[in-house]
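So the structure is just underneath, and the comments pick up after that.
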Ligand code: SF4
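Numbering (the numbering used here), first residue to last: 1 to 270.
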């Protein structure tokens, strides 16, 4: 049997162990058949080729029992669309073993039914609708599979559950320990973090925003640049006037010192 398996493997492999053309063509056919089979499966749920007008295709009717006060309306940060979302949460006591210290357990993320952003192609639920009527399940979502009582979000948005309960999720500010690049960190409380960001860190010896933040009115700087260019103002006078706020008075186009700061979105776009 061992010899036979080797022979079969040699038939399927070309020189240097790479797959033969026959093997690659065979694999390609298998993939194509898989695609056809998948398409057939999807087709069973589609009345026509328009995914927005297909017939209801949800499976089952179990939506779980929850009320409007088990729902938080929030915003997805998983990309820069910032969709409005409906988050169904359970008390920590409902999932204590899986919760690992969280105060609540996210059970489901969907679109906010009040928002036109996540209810297309249907109209959102009118704002005057009571949350008790708009947010608690009536089985329509599971059966119709559409956003008639809960908006749509993409799969990445729904993966927010994994992000929220990721055991490696960073939940406290981290302060570097030792030299930059050493990749050693310690947690600090939020008050300490905010104080050191604004006023500088004695531990790290870094300046704070309050020390280097400066802003200059663009039109005023541009007017003075025109004066320097025309000779009505000397470069020295310009330097003395703007040295405290511009990054470089010889390059006023770089703007004020506040331009050296940057912010990072909280989007998880990996
Ligand atoms: S990841 Fe999806 S649900 Fe979240 S904001 Fe982006 S598009 Fe919306």
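Heads up, the beta-carbon is just placed ideally off N, CA and C, and yes, glycines get one too.
Report whether the distance from the Cβ of residue 114 to the nearest heavy atom of ligand 1 is below 7 Å. Your numbering for residue 114 matches position 114 in the chain shown. Shortest gap from the CB of residue 114 to any heavy atom of ligand 1: 7 Å or more.
Leaving out five residues on either side along the sequence, give the residues of the same chain with a beta carbon under 6 Å from the beta carbon of residue 252. As a first step, residue 252 is located in the chain shown; it is residue number 252 there, counting from the start. 221, 225 and 246.
Close beta carbons around residue 88, own chain, < 7 Å, minus the five adjacent residues each side: Locating residue 88 in the chain shown gives position 88, where the first residue counts as 1. Contacts found: 66, 70, 71, 107 and 108.
So, residue 196 versus residue 208, is the Cβ gap smaller than 8 Å? Walking along the chain shown from the start, residue 196 turns up at place 196. Walking along the chain shown from the start, residue 208 turns up at place 208. Closer than 8 Å, so yes.
Compute every distance between the C-beta of residue 151 and the non-hydrogen atoms of ligand 1, then say whether any falls below 7 Å. By one-based count along the chain shown, residue 151 stands at place 151. For ligand 1, not one heavy atom lies less than 7 Å from the Cβ of residue 151.
So, using beta-carbon positions, are residue 210 and residue 198 closer together than 8 Å? The sequence position of residue 210 within the chain shown is 210, counting from 1. The sequence position of residue 198 within the chain shown is 198, counting from 1. Going by beta carbons, residue 210 and residue 198 fall inside the 8 Å limit.
Quick one: is residue 223 buried, meaning 16 or more other Cβ sit within 10 Å of its Cβ, or exposed? For the purposes of this step, residue 223 is taken as residue 223 along the chain shown, with counting starting at 1. By the neighbour-count rule (16 or more Cβ atoms within 10 Å), residue 223 is not buried but exposed.
Kindly indicate which residue of 204, 104, 85 and 82 has the alpha-carbon position closest to the one of residue 91. The residue you call residue 91 lines up with position 91 of the chain shown. With distances taken between Cα atoms, residue 91 lies closest to 104.
Would you mind working out which of 78, 80 and 152 sits nearest residue 307, comparing C-alpha positions? A question about residue 307 goes unanswered here, because the residues of the chain that appear run from 1 up to 270.
Apply the 10 Å Cβ neighbour rule to residue 261 and answer buried if 16 or more other Cβ atoms are within range, or exposed otherwise. Residue 261 sits at position 261 when you count from the first residue of the chain shown. It counts as exposed.
Quick check: does the Cβ of residue 82 come within less than 7 Å of any heavy atom belonging to ligand 1? To locate residue 82, count along the chain shown from 1; it is residue 82. Under cutoff, so the answer is yes.
If we ignore side chains and look at the alpha-carbon of each, how far apart do residue 171 and residue 237 end up? Here the question's residue 171 lines up with position 171 in the chain shown. Here the question's residue 237 lines up with position 237 in the chain shown. Roughly 49 Å between the two C-alpha positions.
Between the C-alpha atoms of residue 201 and residue 188, what's the straight-line distance to the nearest angstrom? What you label residue 201 is simply residue 201 of the chain shown in a count that begins at 1. What you label residue 188 is simply residue 188 of the chain shown in a count that begins at 1. Residue 201 and residue 188: Cα-Cα distance of roughly 12 Å.
For residue 230, which of helix, strand or coil comes out of DSSP? Start at 1 with the first residue of the chain shown, and residue 230 comes out as number 230. Correct three-state label for residue 230: helix.
Going by other Cβ atoms of all chains shown within 10 Å of its Cβ, with 16 needed for buried, is residue 219 buried or exposed? Counted from its first residue, the chain shown places residue 219 at position 219. Residue 219 should be labelled exposed.
In its own chain, which residues sit with a C-beta less than 7 Å from the C-beta of residue 161, not counting the 5 before and 5 after it? As a working mapping, residue 161 is identified with position 161 in the chain shown. Cβ within range, chain order: 106 and 109.
May I ask whether a heavy atom of ligand 1 can be found less than 7 Å away from the beta carbon of residue 156? As a working mapping, residue 156 is identified with position 156 in the chain shown. For residue 156, the shortest C-beta to heavy atom distance toward ligand 1 is below 7 Å.
Which residue comes first and which comes last in the alpha helix (DSSP H) that contains residue 283? This structure cannot speak to residue 283, because the chain is shown only from 1 to 270.
Nearest-angstrom Cα separation, counted from residue 250 out to residue 234: In the chain shown, the residue the question calls residue 234 occupies position 234. In the chain shown, the residue the question calls residue 250 occupies position 250. Cα to Cα, the separation comes out at about 12 Å.
Measuring alpha carbon to alpha carbon, tell me which of 176, 192, 193 and 254 ends up nearest residue 186. Position 186 of the chain shown, counted from the start, is the residue given in the question as residue 186. Per the Cα distances, 176.
Could you compute how far the alpha carbon of residue 156 sits from the alpha carbon of residue 85? Looking up residue 156 in the chain shown gives position 156. Looking up residue 85 in the chain shown gives position 85. The alpha-carbon atoms of residue 156 and residue 85 are separated by roughly 12 Å.
Quick check on residue 204: does DSSP put it in helix, strand or coil? Numbered from its first residue, the chain shown carries residue 204 at position 204. Assigned with DSSP and collapsed to three states, residue 204 falls in coil, not helix or strand.
Residue 118 and residue 83 look like a contact to me (Cβ under 8 Å); what is the Cβ gap, rounded to whole Å? Taking the chain shown and counting its residues from 1, one reaches residue 118 at position 118. Taking the chain shown and counting its residues from 1, one reaches residue 83 at position 83. The beta-carbon separation of residue 118 and residue 83, rounded to 5 Å, stays under the 8 Å limit for a contact.
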